[in-house]
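Below you'll find the structure, written out as structure tokens, and then a few comments.
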Amino acid sequence: MTVTESPAENRTAPAVAPSASFRALSTAMFKGFIRDKATLFFTFLFPLMFLVIFGLIFADAGESKPKIGVVGEGPVITALDRSGVAELERLDSPAEAERQVREGDLPAYVTQNGDTVTLRYAASDQNQAGTVLGLVNGIVSQANVAATGQPPTFTLNAAQVEDESLEAIQYMAPGFLSWAVAIAAVFGAALTFVNWRKKQVLRRLRLAPVRPVTVLTSRVVVSLGVAVLQFGVFLGVALLPMFGLQLTGQWWLAIPLLVLGTLAFFSIGMLVGAFCKTEEAASGVANLITLPMAFLSGAFFPTESMPGWLQDVSWVLPMRHLNEGMLDVMVRGQGVEALLVPALVLIGFTAVVGLVAAKIFRWED
Amino acid sequence: MGIGPALAVSGLYKRYGDLVAVDGVSFEVSEGEFFGILGPNGAGKTTTLEIAEGLREPDAGSVRLLGEAPWPRNLALLPRIGVQLQASAFFERLTAREQLETFGALYGVGSARVGEMLELVGLSDKASTPEAKLSGGQRQRLSIACALVHDPDVVFLDEPTAALDPQARRNLWDVLREVQARGKTIVYTTHYLDEAEVLCDRVAIMDHGRILALDAPARLVRDLDAATRVILERGVLPAEQARVLPGADSVTEDEQSLTISTRTAAPLLSALAERGTLGGLQVRTATLEDVFLDLTGREYRA
Ligand SMILES: Nc1ncnc2c1ncn2[C@@H]1O[C@H](COP(=O)(O)OP(=O)(O)OP(=O)(O)O)[C@@H](O)[C@H]1O
Ligand SMILES: [Mg+2]
């Protein structure tokens, strides 16, 4: 006789693949993110607004070539034209040119009559006058040397340190992008944790068979996705002809940098979220951290204008390293070696702050 | 399974600062039982329930839930229990359906089940409404659906009927009875004594962190040995005549009514019938409310 044992009831709960929980949670959080207009504004439009405003203000700050009026023709005028250092405006008569200079429409004009080159300038704008005087003087000297048929004894080889086309946008796009990514990560993490604690979502998740690391990584992934979206949107706008961003060589190296930056700032957000009880407090603290940091890290203005000691201090800030790395790979034409220091700093920062945040993490108030 | 009760708590003790929220609570709930915890605000119901679920650590005492300790967080136990918290917990800006899908996915439950659950709690037409735009009662029903979505063996519900209209309350009763009929264990809290009488196999009456009485509702009422009250409209019968009726123990009168207490209702009622004073007559036997009044000396006000 055989005894068939029928299991009374299969009591073992179906094992839930962590990937399924992970997918469900990140989907839920991503939907929550894109349905929140205020967050969308502060993540994309707000930093972009800064970029556009500053971009327009400094639109031609980089190409401030002096304008010079010219009357007549001659080797010096031709050389001046070819040098491209000044913008020439052809005028019909010296009298007309004289009038424009007097009225301040032009800083100076040049006429060539045989071997005599005449430069008349308005002393009212000392700066411009100096520049023009130097320029024309240089051209005349070169023409003189050329006329002797001898090779020049001394040659001056001068070139700008930055990319030839370095304009304000070149500096601002990586800076504002670093800042935008940083605030999105800090606010995203801080507000999510505060809100979940307040609305008891964390307690509810604690009662579901999901591991804390799954919950955490699903939120991190949303922040990473947001950072990549920000990168795309920023480049899309900054590359428009009216802003004229010019990327160099391996600009896409900015993406691994953004990922590490997001992790570092996410960990700051976790820390803020662990401390603060309300969303208002959390966004206040997050602002208090990110805004001064952005100024000190040169995300808005070059750090060169800061006192030396402050520049030194700024290297303890993760945003400084993020910003510097972004500039290196996006507009300074540097390669993967430029990632080393920022990457190490950001990873170390994430590890330390993340650990502290995990230590003081609370499921409920 | 049959090894011991579904839930056994003993000597639970929990204090918050100077306040003792739970003061030596012990009870057992057998498998398939519908167990109710009743008591006024601040009695310690939620605290007791949350300790049983493994959401809080008791200062003293022990909990066995399906034979295991729920604290510290016991991942193996979690798929087998379903919890509706007193304050509903939802993800931000998701629709009713998405909330259920997300919670369901955490338990490996597919989306076919989600539709069933929405149907079950009568929210099918609200499936694509954002949670924040649901009414209080609808949100409550969604929260209950989220607790039941993975078909747990033990269901904890903290005041599930609190915000519901009478119709939704009846519907939920049916849902819960059906859950029980499938062999599941239900532990729930309520302020509605009448509801507990209808639904629960046994109830624990709590006040000030202690269990005052624990039994089947009918037994509690019977043990009370309380008088039956016969209520008449005022003016139908003068009080002095009522006092001399057979079986009348005491008579009280207020603006609207005249109440006769009796332990032998039959002769009293026939005497009233003879006098033709049955119009508008009500008979009230003792309820859990009377049990509560008897136990605490206070009128029950939820
Ligand atoms: N987290 C907490 N911190 C401090 N005190 C608490 C906390 N939770 C509950 N209490 C206190 O413990 C006591 C019991 O609270 P509990 O929530 O268990 O009551 P309850 O019976 O569920 O009441 P209600 O019917 O209002 O839901 C109350 O006096 C409450 O103020
Ligand atoms: Mg409660």
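Order-wise, the sequence lines are chains Z and X.
Mapped onto our numbering, the consecutive letters of the first sequence carry residue numbers 338 to 702.
Mapped onto our numbering, the consecutive letters of the second sequence carry residue numbers 29 to 330.
For each residue, glycine too, the CB sits at the ideal point set by N, CA and C.
When the Cα atoms are used, what is the spatial distance from LEU692(Z) to ALA601(Z)?
Using only the alpha carbons, I get a separation of about 12 Å.
Rounded C-alpha distance that separates ILE626(Z) from THR448(Z)
Straight-line Cα distance between these residues: approximately 59 Å.
Look up SER54(X) in the DSSP assignment and say whether it is helix, strand or coil.
Secondary structure of SER54(X) (DSSP, three-state): strand.
Give me the Cβ distance between SER555(Z) and ALA522(Z), rounded to the nearest whole Å; I'm assuming they're in contact under 8 Å.
Not quite, the Cβ-Cβ distance comes to about 15 Å (not below 8 Å), so this is no contact.
List, in chain order, every chain Z residue whose beta-carbon is nearer than 7 Å to that of GLU206(X).
None at all; the shortest Cβ gap to chain Z is about 18 Å.
From the DSSP output, read off the bridge partner residues of PHE63(X).
According to DSSP, PHE63(X) bridges with VAL215(X), ARG230(X).
Can you tell me whether PRO639(Z) is buried or exposed, with buried defined as 16 or more other CB within 10 angstroms of its CB?
Looking at its Cβ environment, which holds fewer than 16 other Cβ atoms inside 10 Å, PRO639(Z) is exposed.
Quick one, which of THR123(X), LEU192(X), VAL311(X), LYS154(X) has its alpha-carbon nearest LEU260(X)'s?
Among THR123(X), LEU192(X), VAL311(X), LYS154(X), the Cα nearest to that of LEU260(X) is on VAL311(X).
Would you say the beta carbon of ALA235(X) is closer than 7 Å to some non-hydrogen atom of ligand 2?
Residue identity differs from the one stated: residue 235(X) is Asp in this sequence, not Ala. Checking every heavy atom of ligand 2 against the Cβ of ASP235(X), none is found closer than 7 Å.
So, using beta-carbon positions, are VAL454(Z) and ALA434(Z) closer together than 8 Å?
With contacts defined by Cβ atoms closer than 8 Å, VAL454(Z) and ALA434(Z) do not form a contacting pair.
Could you tell me whether any non-hydrogen atom of ligand 1 is closer than 7 Å to the CB of LYS368(Z)?
Checking the Cβ of LYS368(Z) against ligand 1 gives no.
Using the beta-carbon count (16 or more within 10 Å), is ARG436(Z) buried or exposed?
By the beta-carbon neighbour count (other beta carbons within 10 angstroms, threshold 16), ARG436(Z) is exposed.
Given 7 Å as the limit, tell me if LEU103(X) has its C-beta closer than that to any heavy atom belonging to ligand 1.
Proximity of the beta carbon of LEU103(X) to ligand 1 is not indicated: no heavy atom of the ligand is located closer than 7 Å.
Could you compute how far the alpha carbon of VAL137(X) sits from the alpha carbon of MET145(X)?
Just so you know, the alpha carbons of VAL137(X) and MET145(X) end up roughly 11 Å apart.
Candidates LEU597(Z), PRO403(Z), THR492(Z), of which the one nearest VAL518(Z) by Cα:
When each option's Cα is compared against that of VAL518(Z), the closest is LEU597(Z).
Measuring alpha carbon to alpha carbon, tell me which of ASP87(X), PRO180(X), ASP229(X) ends up nearest GLY45(X).
Comparing Cα-Cα distances from GLY45(X) to each of ASP87(X), PRO180(X), ASP229(X), the minimum goes to ASP87(X).
Is DSSP giving LYS404(Z) helix, strand or coil here?
Assigned with DSSP and collapsed to three states, LYS404(Z) falls in strand.
ARG101(X) touches chain Z at which residues, Cβ-Cβ below 7 Å?
Within 7 Å Cβ-Cβ: ARG543.
Take PHE63(X) and list the residues in its own chain whose beta-carbon comes closer than 6 Å to its own, dropping the five residues that flank it on each side.
Taken in chain order, the residues that qualify are VAL57, VAL215, ARG230.
Neighbourhood of PHE184(X) by C-beta, 6 Å cutoff - its chain only, sequence neighbours within 5 removed
Excluding positions up to five away in sequence, the list reads LEU77, GLU81, VAL111, VAL215.
Mind listing the chain X neighbours of LEU362(Z)? Cutoff is C-beta to C-beta under 9 Å, in chain order.
The answer, in chain order, is PHE119, THR130, ALA133, LEU134.
Going by the DSSP bridge assignment, what does LYS42(X) pair with across the sheet?
Residue pairing of LYS42(X) in beta bridges, as defined by DSSP: VAL50(X).
So, does the CB of PRO546(Z) fall closer than 8 Å to a CB anywhere in chain X?
By this cut-off, PRO546(Z) is an interface position.
Could you give the DSSP three-state label for GLY441(Z): helix, strand or coil?
Residue state, collapsed to three classes: coil.
Here's the rule I'm using: 16 or more other beta-carbon atoms within 10 Å means buried, otherwise exposed. How should ASN474(Z) be labelled?
Exposed: under 16 other Cβ atoms inside 10 Å.
Which residue spans inside the stretch 124 to 178 of chain X form an unbroken beta strand (DSSP E) run of at least 3?
Listed in chain order, there is nothing to give.
From GLY399(Z) to GLY421(Z), what distance separates their C-alpha atoms?
With a pLDDT of only 49 at GLY399(Z), under 50, the local geometry of the prediction cannot be trusted, and no value is derived from it.
Which bits of chain X does SER358(Z) rub up against, with CB to CB less than 8 Å?
The contact set of SER358(Z) on chain X, defined by CB atoms closer than 8 Å, consists of ALA133, LEU134 in chain order.
Taking the DSSP output, what are the residues bridged to ASP235(X)?
Paired residues: ARG238(X).
For ligand 1, is there a heavy atom less than 7 Å away from the beta-carbon of LEU221(X)?
For ligand 1, not one heavy atom lies less than 7 Å from the Cβ of LEU221(X).
So, does the stretch 123 to 130 of chain X touch the stretch 151 to 165 of chain X, judging by three or more C-beta pairs under 8 Å?
Counting Cβ pairs under 8 Å, three or more are found: they touch.
Please determine if the stretch 366 to 382 of chain Z and the stretch 520 to 536 of chain Z are in contact, where contact requires at least 3 C-beta pairs separated by less than 8 Å.
Contact holds: three or more Cβ-Cβ distances are below 8 Å.
Just list the residues that DSSP pairs LEU456(Z) with in beta bridges.
Paired residue(s): VAL447(Z).
Simplified DSSP state of GLY399(Z), which is helix, strand or coil
Caution applies to GLY399(Z), whose pLDDT of 49 falls short of 50 and renders its modelled position unreliable; the value that the coordinates give is listed next. Coil.
When Cβ atoms are compared, which residues of the stretch 525 to 541 of chain Z fall closer than 7 Å to chain X?
Within the stretch 525 to 541 of chain Z, the qualifying residues are ASN532, LYS536, GLN537, VAL538, ARG540, ARG541.
Does DSSP classify GLN112(X) as helix, strand or coil?
Of the three classes helix, strand and coil, the one that applies to GLN112(X) here is strand, per DSSP.
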